[in-house]
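Worksheet: the structure to be examined is printed underneath.
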Amino acid sequence: MNTRAKPVSRGFGTPELIFLLSVGVLVVVVAFPMLLIFFNAFWVDSHFNVADVLRVLQREETYQALLNSLILSGGVTVTGTIVGTFFAWLVTRTDLPFKATMKLLFLVPFMLPAFIGALAWKMLLSPRAGYINRLFIDVLGFDGPLFDIYSYAGIILVETMYLFPFVFIQVSGALERMDPTLEESARISGADLFTITRKITIPLVLPSIVSGALLIMLYSMAHFGTVAVLGVEIGVYNIPVLIYEKIHQSAGSFDSIRTATVLATVLVITAALILWAQNRVLAKGKYQIIAGKSFRPTELKLRGLRVPLLILCVAYIALTIVLPTATIFLVGGLKTYGLPFDLENMTWANYNHILFEWDLTRDSIWNSITLGLAAALITMFAGVIISYVIVKMKVRGKGFLEFLGMLPFSVPGSVIALGVILAWSGKFGINLYNTVWIILVAYIARYMAFSLKANSAALEQVHDSLVEAARAAGASMAQALRDVVVPLVRPGMIAAFFLIFLPALRELTVSVLLYGPTTRTIGVAIYTLNEDGETVYSAALAGIALVIIVVGEILIKRLVTGKSGA
Amino acid sequence: MRSVKLLSLCFAVLLVGGLSFGACAEEKLYVYTSMKESMLGGLKTAFLKKHPDVKIDFQSAGAGKLMAKIAAERESGKILADVLWTSEVPDFYQLKEHGLLLPYIPAESKALLNPLPDYDGSFTAARLGTLGIAYNTRLIKEAPKTWDDLKKPAFKGAFGIANPALSGTAYMSVAVISRTFGWGFFEALRANGAKMGKGSGQVVDDTASGDLVASLAVDYITLDKIDKGATLQLVYPPEMLVVPSPAAIFKNSPNIEAAKKFIDFLLSREGQSIIVEDGTLPVRADVKIPDRFKQLPAVEDAMKRAMKIDYQAVMSEKEATIKKFTEIMQKK
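Protein chains in written order, with our numbering: chain X, 1 to 566; chain U, 1 to 332.
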């Protein structure tokens, strides 16, 4: 830190004050909106009312939405887990060529927003006009489309492509950490590969598989974009989409907002069940995962399968990353949607229009970047202070603080957005509805948990003795914090910043419920342009968003690795 | 130490961002509209040339979004909008009922064609939107001539209508067609495999791509795509869907004089000539439709062929109509 010593107020050192302040922030930003949802769902005209809730629950559209959510997220969980586990095993436990590169490549789908993927696949696989289907019908003489993306299977397929890394990361981590001597001793005792896999490897990795699978399920339950892009046309919608339609149609009417609160409650309960299941699995897993210092695990020799499996991996990446991305950029360059990709039909005009001429899209890029920066900065600093209270201070009731902060981590984005609408649209004296501030408040609530996680992890590594030593040497608490603690946790803070900035940049689920005429985010602009039939502009903006995201990722990698050396 | 610089840079960006969020505080004429930005750009330039003293700002979004914003503004005590200009006629009747609109008979009212019943100046049609049948010329060789042609095998499985819950014009069309021809018409279309799409723009794009062979399509969206080279054509059956887009002044607007100037400009020959450049019908017979929009009928002709719209019924039966339509279109 530089020496421009800022005068720090005397009260800053008082743990109680910080504690109260953090509780205050979390209550106002996080707990209050959440509580309002339950309150509004069950409390009508100043009395407790279950009949209305039951009425909403009994509507066909409600349980249809719930059923669809379960079918879709269930399907995605199964396929995503299989794909993720398979590739994780392939890159950690076999002698696949270029393993390290492959491992990095399998993480790329994480960077791509799923709804942009959905747009791309719509262009590729819509039944009559999708480029792949056209190829099969027009050139190869098929009778009908190869695959209809507007279907349950289509939605599951697209979500799988972009969500499988949840399992991939968990499982490849577990496989790498696993103590290979366990398998070796089994082999020495005469067990064959099948027995080893069944009796040793799978039980050891199972907790990671299950917890990754539940992450996929949680994410997919709460996911808006893909279902909204691919499902609505065939009448398939999940709870977030139904909430969106209710809010969209409401034009401020309170009845639809209340219906949405009931739906949100259903969503929260389902998410809570999933998390509960995950905690049970993880608690059990603690006995089984043995985090031995990494010995190199024995690799399975793939022999003749080496090349075919490598081709499979490359094909998978080409199909799920390269093809959709290329489609997005190409369609973004078409004069109008539906023309063939001839050079004469291509133009830079769409990109030019979006970046330099069109207020709507320029605003959206500006909004997303400033919102992302603001949310990341605020949560980063608030997160440090709150984590400090949680990790280092001895104040009573800090468990409550931790609970509050982590709450939005498990709460779906549409629920947070709804809570924010209830809290900040004038009912309590402050009206932020349709301004950019309401999105900011929602982002802060949503991403606080990310910051708490990163900062607590960093703070836990700072031993108390350091602060005590500084205090003993005569430094004030503020000085000790500034000169000792903050420099040490800075990597955690920076990590928190980017953990929040990048997801916020491509966020759709929350902002689609909160945007106003001049406060579209990039996600909202892409989504509404697509809905308005401006497919080429939508694709061009999606292309620009992808460029921004990828450049952002690369910068972070640079920055974070550069930092650790300093 | 570099990270300190980085952070202060971020702060600076944030500060600038915050300033620009708050920078809209000065007095301006706010027009909330669902019209296309390309049209608004032309109007803004021409209006500023004529009235350099009036600062004008368009807030453009879907009609539903704008109404939600107005509802929120009303609740907080001050409607920021001075002028509302969308294609959701029922909204205007509702606002009028609540006494929020200022009746104003435009300066050149004599020259205007008025499609709205019980006209009292609370809102004045500023353009006439039409919906016709857009079809993909690669896939449909013989243009449909009547609404009943859509029941023919050529359109099997691939005629699209936008979702009336999402699109105001789609709702209006569904309401008007169902009242004119009865629900049997949509049942027959569904039996021929017609589909419900999403936004009213998206069905046109899906038609251009060939996902649909034809769709119930808004004029300017379709004509814009034809202009850009899409293999589309737009035709109108004898009974036409004509949906006016009214403009209205809010009673509590602090800029009433400026708002009146804007309405007058919008309805002047000059304003209407700009509107017509976008591929939609004017409300004046003395404004010529550009030659490149040869698909559009003359204004008087369109008014004559237009199906009657009972706005009161359209307003009160919205939920039931959407439900019925959705039921029919999602029947397996």
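Glycine residues also receive a C-beta, built at the ideal position from the N, C-alpha and C atoms.
With 8 angstroms set as the bound, which would you pick, yes or no: does the beta-carbon of U:Leu216 sit closer than that to a beta-carbon of chain X? no
For a test of the three-state rule: what should DSSP assign to X:Tyr337, helix, strand or coil? coil
Rounded separation between X:Glu299 and X:Thr94 - CA only: 5 angstroms
Can the beta-carbon of X:Gly383 be found less than 8 angstroms from the beta-carbon of X:Ala222? no
In angstroms, rounded to a whole number, what distance separates the CA positions of U:Val299 and U:Ser215? 23 angstroms
Which same chain residues, not among the five before or five after X:Ile444, have their C-beta less than 6 angstroms away from its C-beta? Val29, Ala375, Ile378 and Thr379
If you follow the beta strand (DSSP E) that U:Arg127 is in, where does it begin and where does it stop? Phe123 to Asn136
Assigned exposure category for X:Tyr63 - 16 Cβ within 10 Å defines buried: exposed
Can the beta-carbon of X:Phe224 be found less than 8 angstroms from the beta-carbon of X:Val241? Yes, these two residues count as a Cβ contact at 8 angstroms.
Which word fits X:Ile138, buried or exposed, when buried means at least 16 other C-beta atoms lie within 10 angstroms of its C-beta? Before going further, note that residue 138 of chain X is Asp rather than Ile in the sequence given. X:Asp138 counts as exposed, since fewer than 16 other C-beta atoms from the protein chains shown sit within 10 angstroms of its C-beta.
Who are the Cβ neighbours of X:Gln461 in its own chain at under 7 angstroms, not counting the five residues just before and after it? none
Can you give me, in chain order, the residues of the stretch 115-138 of chain U that have a beta carbon less than 8 angstroms from any beta carbon in chain X? Taken in chain order, the members of the stretch 115-138 of chain U whose beta-carbon sits within less than 8 angstroms of a beta-carbon on chain X are Asn136.
Please list the terminal residues of the continuous beta strand (DSSP E) segment that includes U:Val243. Leu241 to Phe250
Cα separation between U:Lys44 and U:Asp149? 42 angstroms
So, is U:Glu26 buried or exposed, given that buried needs 16 or more other C-beta atoms within 10 angstroms? Because the pLDDT of U:Glu26 is 44, which lies under 50, any placement of that residue in the model is unreliable, and the question is left without a value.
With H, G and I counted as helix, E and B as strand and the rest as coil, what does DSSP make of X:Asn431? strand
Using 8 angstroms as the threshold, is the C-beta distance between U:Ser87 and U:Gly157 below it? no
May I have the straight-line CA-CA distance separating X:Arg280 from X:Ala213, to the nearest angstrom? So the two alpha carbons sit approximately 14 angstroms from each other.
For the stretch 34-65 of chain U, enumerate the residues whose C-beta is nearer than 7 angstroms to any C-beta of chain C, in chain order. No chain C is part of this structure, whose protein chains are labelled X and U.
Range of the contiguous beta strand (DSSP E) that encloses U:Ser215: DSSP places U:Ser215 in the uninterrupted beta strand (DSSP E) bounded by Ala214 to Val218.
Quick check on the burial criterion: 16 or more other C-beta atoms within 10 angstroms. Buried or exposed for X:Ser465? Under a 10 Å Cβ-count criterion, X:Ser465 is classified as exposed, with fewer than 16 other Cβ atoms of the shown protein chains found around its own Cβ.
Proximity winner among X:Lys394, X:Asn367, X:Thr265 and X:Leu230, relative to X:Ile37 (alpha-carbon distances): X:Thr265
Give the C-beta separation of U:Lys78 and U:Lys55 to the nearest angstrom, bearing in mind that I take them to be a contact with Cβ-Cβ under 8 angstroms. 18 angstroms between Cβ atoms; not a contact.
Whole angstroms are fine: how far does the CA of X:Val436 sit from the CA of U:Val235? 42 angstroms
Contacting residues, own chain, Cβ-Cβ under 7 angstroms from X:Leu146 (five flanking each side not counted): Ile132, Asn133 and Phe136
Under 8 angstroms between C-beta atoms, does X:Gly543 make it to chain U? no
Is U:Ile263 close to the ligand ATP? I mean its beta-carbon at under 7 angstroms from any heavy atom of the ligand. For the ligand ATP, the structure offers nothing, since it holds no ligand at all.
Spell out whether any CB of chain X is found under 8 angstroms from the CB atom of U:Asp211. The beta carbon of U:Asp211 falls within 8 angstroms of a beta carbon belonging to chain X, placing the residue at that interface.
Using 8 angstroms as the cut-off, can you tell me whether the stretch 507-521 of chain X makes contact with the stretch 474-481 of chain X, which would need three or more C-beta pairs spanning the two stretches below that distance? no
Buried or exposed (CB count within 10 angstroms, at least 16 for buried), U:Pro52: exposed
The beta strand (DSSP E) that contains U:Gln295, what's its start and end? It is not in any beta strand (DSSP E) - U:Gln295 carries neither H nor E in the DSSP assignment.
Would you list the residues sitting across from U:Tyr32 in a DSSP beta bridge? U:Gln59 and U:Leu84
Within the stretch 464-494 of chain X, note down every full beta strand (DSSP E) run reaching 3 residues or more, in order along the chain. none
C-beta atoms of X:Leu541 and X:Ile369 nearer than 8 angstroms: no
Using a Cβ-Cβ distance cut-off of 8 angstroms, determine whether X:Asn40 contacts chain U. no
Run through DSSP, which three-state label would U:Ala154 get? helix
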